[in-house]
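A.B. asks:
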Amino acid sequence: AAIAEMLEFLSFYSPQRDVKSYKQHIHKKELKVARTCYDHIAGELGISITNYLLQENLLSESEKDFQLTEAGKSY
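FYI, this note's numbering numbers position 29 of the sequence shown as 1079, with every residue one higher than the one before it.
1. Please return the same chain residues whose Cβ sits closer than 7 Å to the Cβ of E1111, not counting the five positions on each side in sequence.
2. Using 10 angstroms around the beta-carbon of L1118, count the other beta-carbons present and answer buried if the total reaches 16, otherwise exposed.
3. Taking Cβ positions, are A1121 and L1108 nearer each other than 9 Å?
4. State the Cα-Cα distance for the pair I1099 and S1071, rounded to the nearest angstrom.
5. Compute the Euclidean distance between the alpha carbons of G1096 and A1084, then round it to the nearest angstrom.
6. What are the boundary residues of the beta strand (DSSP E) that A1092 is part of?
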């Protein structure tokens, strides 16, 4: 998981290819909003879900990971 996080971080700083068609534009936009990374949801959707779970106290955050709270386990 650490390698995946590092690669995702580095992808923000790598040169972006020019979009040359409408189809490429839509595909790139869809990947930004909702995509998967190995075994988890990533992109803006993944961030939104995580923030919601934290806000509703269904998930707690530590320095390195997340844990389900008791409320989250019964949700």
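Built from N, CA and C at the ideal position, the CB exists for glycine as well. Remember, predicted model here, so these are calculated numbers, not experimental data.
C.D. replies: Looking at the atomic coordinates:
1. L1104
2. exposed
3. yes
4. 31 Å
5. 7 Å
6. 1090 to 1092
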